[in-house]
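Chemist: In our numbering, the protein residues as written are 447 to 749.
Backbone N, C-alpha and C fix where the C-beta goes; we use that ideal spot for every residue, glycine too.
These numbers come from a predicted model, not from an experiment.
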C-alpha cells in the first residue's frame, strides 16, 4: 500500500467526521471451523477443504484467526473502527458481540442469521433476539441452507411476515454464491415476487448480486423497499451498474457493508474506498444516512 492510498480524515471524498455505518462487520474469529461448520456441509469439491473460509479462493488476504488468550478481539475491531471513522456496525448476535455492546454502548447493532428450514424455530429465534437485544435485522444465506431455500420459497414467507411485523429488514444473499454451491436459489429475479407479495418488507440484497447486478438495479427502480449493499466486495470491484445507479436514481438505495473479518481487512476496504467514483452527494447517503434510516439505527448519545 502506498502513502497516497492511506485513509486520512482530511483527504477522504466523504465529509470529515461523518460517522460511517458498516453493515457487515464482526470480531476476529477464534475458531473458523466452528463458525463455518454449517456453510461447508454442502460442499462436495476437495479443493474447498483447505480454504481458510468457504469462499477463500476469492480473497487474497483473509484475516487470520486470533488467540483470545493473547489478544482481545473486541479491541482489535474497535481499534480499526476508530482508525477509519466507523461509528457503528451491524454485528452477528453472539456472546462476544453482546460483550462488545456492553463495552461500547450505542456502537453495536445486531443481526442474526437463520435457516428457514426450521420455520417456527427461525421465527422464535428472531422474536427472542428482538425482545432481548433490540435486533436490527435478520439475514438468510439461501445457498448455504441445508437443504437450500430459494429467496421466494414458501419457507421464507413466515420469516418475511415476521420481519414486517417487527419492522426490521431481511438481508438476503443475491447472485452467484461464493462457496462452491448451486446458486439458482439466489437468482435476483426471485426477489421480484417477494417484493410484490410483501410491499411493506424492507428487503436488502447482499454480496453483490452478480452477474445479475443490472437486473438488481431494474428491480430497485421498480420496488420502493428493495435495497442493496456491496458486502464481500473490495470497493475497487463494486459493480459499475451499482455505482452508476447510486450516482443517479439510486442514491437512497445503496448502503455500505464491509467484510471484516470474513474476507477483507478494514484497511483494504477503506483504502480502496478512496477511489470509488461516487458523486459528492452520494457519500453521506452510502456510508451512513441510508443505513440509519433502513435499519432504524439510533444516533449516539451526545452526537
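#1: Between which two residues does the alpha helix (DSSP H) holding residue 719 run?
#2: Which class does residue 462 belong to by DSSP, given the choice of helix, strand or coil?
#3: Counting along the chain, where does the alpha helix (DSSP H) carrying residue 683 start and finish?
#4: Measure the alpha-carbon distance for residue 738 versus residue 577 and round it to whole angstroms.
#5: Roughly how many whole angstroms lie between the Cα atoms of residue 714 and residue 677?
#6: If you check the beta carbons only, do residue 595 and residue 563 fall under 8 Å apart?
#7: Below 8 Å, how does it come out for the segment 688-700 and the segment 649-668: are there three or more Cβ pairs, yes or no?
#8: For the structure I just gave you, are there three or more beta carbon pairs, one from the segment 529-536 and one from the segment 468-475, closer than 8 Å?
#9: Rounding to the nearest angstrom, what Cα-Cα distance links residue 598 and residue 558 in this structure?
#10: Below 8 Å, how does it come out for the segment 633-643 and the segment 699-716: are there three or more Cβ pairs, yes or no?
#11: Please classify residue 667: is it buried, with 16 or more other beta-carbons within 10 angstroms of its beta-carbon, or exposed?
#12: Identify, in the order they occur along the chain, each residue of the same chain with its Cβ nearer than 7 Å to the Cβ of residue 682, setting aside the five sequence neighbours on each side.
#13: Write down the C-beta distance between residue 655 and residue 620 rounded to the nearest angstrom, noting that I regard them as a contact closer than 8 Å.
#14: Exposed or buried, residue 490, counting other C-beta atoms within 10 Å across all chains shown (16 or more means buried)?
#15: What did DSSP end up calling residue 737 once you bin it into helix, strand or coil?
#16: Where does residue 736 land, buried or exposed, given buried means 16+ other C-beta within 10 angstroms?
#17: Determine the DSSP secondary structure at residue 585, reduced to helix, strand or coil.
#18: Contact defined as beta carbons within less than 8 Å: I believe residue 637 pairs with residue 672. What is the distance between those atoms, to the nearest angstrom?
#19: Would you kindly check if the distance between the Cβ of residue 743 and the Cβ of residue 582 is under 8 Å?
#20: State yes or no: is the beta carbon of residue 624 nearer than 8 Å to at least one beta carbon in chain B?
#21: Skipping 5 residues on each side, what residues in its chain have a beta carbon closer than 7 Å to that of residue 687?
#22: Looking only at its chain, what residues have a beta carbon closer than 7 Å to the beta carbon of residue 632, apart from the 5 residues adjacent to it on each side?
#23: Going by DSSP in three states, residue 614 sits in which element: helix, strand or coil?
#24: Within 10 angstroms of its Cβ, does residue 473 collect 16 or more other Cβ (buried), or is it exposed?
#25: If we count the other Cβ atoms within 10 Å of its Cβ and call it buried at 16 or more, is residue 574 buried or exposed?
#26: Smallest Cα separation from residue 746: which of 459, 458, 464 and 460?
Modeler: This is what the structure holds:
#1: Position 273 of the chain shown, counted from the first residue, corresponds to residue 719. Start and end: 712-719.
#2: Residue 462 sits at position 16 when you count from the first residue of the chain shown. In this structure, residue 462 counts as coil in the three-state DSSP scheme.
#3: The residue labelled residue 683 in the question sits at position 237 within the chain shown. Premise fails: residue 683 is in no alpha helix (DSSP H) and is neither H nor E.
#4: Numbered from its first residue, the chain shown carries residue 738 at position 292. Numbered from its first residue, the chain shown carries residue 577 at position 131. Approximately 20 Å between the Cα atoms of the pair.
#5: As a position in the chain shown, residue 714 is number 268, starting the count at 1. As a position in the chain shown, residue 677 is number 231, starting the count at 1. The straight-line gap from Cα to Cα measures roughly 13 Å.
#6: As a first step, residue 595 must be located in the chain shown, where it is residue number 149. As a first step, residue 563 must be located in the chain shown, where it is residue number 117. Going by C-beta atoms, residue 595 is nearer than 8 Å to residue 563.
#7: yes
#8: yes
#9: Looking up residue 598 in the chain shown gives position 152. Looking up residue 558 in the chain shown gives position 112. The straight-line gap from Cα to Cα measures roughly 20 Å.
#10: no
#11: Working through the chain shown from its first residue, we reach residue 667 at position 221. Exposed, by the Cβ-count rule.
#12: Stepping through the chain shown from its first residue, residue 682 is reached at position 236. The answer, listed in chain order, is 718 and 721.
#13: Position 209 of the chain shown, counted from the first residue, corresponds to residue 655. Position 174 of the chain shown, counted from the first residue, corresponds to residue 620. Yes, residue 655 and residue 620 are in contact; Cβ-Cβ is about 4 Å, under 8 Å.
#14: For the purposes of this step, residue 490 is identified with residue 44 of the chain shown, where counting begins at 1. Looking at its Cβ environment, which holds fewer than 16 other Cβ atoms inside 10 Å, residue 490 is exposed.
#15: Position 291 of the chain shown, counted from the start, is the residue given in the question as residue 737. Of the three classes helix, strand and coil, the one that applies to residue 737 here is helix, per DSSP.
#16: Here residue 736 is taken as the residue at index 290 of the chain shown, counted from 1. By the 10 Å Cβ count, residue 736 comes out buried.
#17: Stepping through the chain shown from its first residue, residue 585 is reached at position 139. Of the three classes helix, strand and coil, the one that applies to residue 585 here is strand, per DSSP.
#18: Taking the first residue of the chain shown as position 1, residue 637 is located at position 191. Taking the first residue of the chain shown as position 1, residue 672 is located at position 226. Going by Cβ atoms, the distance from residue 637 to residue 672 rounds to 6 Å, so yes, they are a contact pair.
#19: Taking the first residue of the chain shown as 1, we reach residue 582 at position 136. Taking the first residue of the chain shown as 1, we reach residue 743 at position 297. Yes, the pair counts as a contact, with Cβ atoms nearer than the cut-off.
#20: Reference to chain B is not applicable here, since this structure consists of a single protein chain.
#21: For the purposes of this step, residue 687 is taken as the residue at position 241 of the chain shown. If we look at residue 687 and ignore the five residues flanking it on each side, its Cβ neighbours are 659, 660 and 663.
#22: Translated into the one-based positions of the chain shown, residue 632 becomes position 186. Result list for residue 632: 588, 589, 597, 619, 620, 621 and 623, in chain order.
#23: Stepping through the chain shown from its first residue, residue 614 is reached at position 168. In the structure shown, residue 614 sits in coil (DSSP, three-state: anything other than H, G, I, E or B).
#24: The residue labelled residue 473 in the question sits at position 27 within the chain shown. The residue is buried, with at least 16 neighbouring Cβ atoms inside 10 Å.
#25: Position 128 of the chain shown, counted from the first residue, corresponds to residue 574. It counts as exposed.
#26: Working through the chain shown from its first residue, we reach residue 746 at position 300. It is 464 whose Cα lies nearest to the Cα of residue 746.
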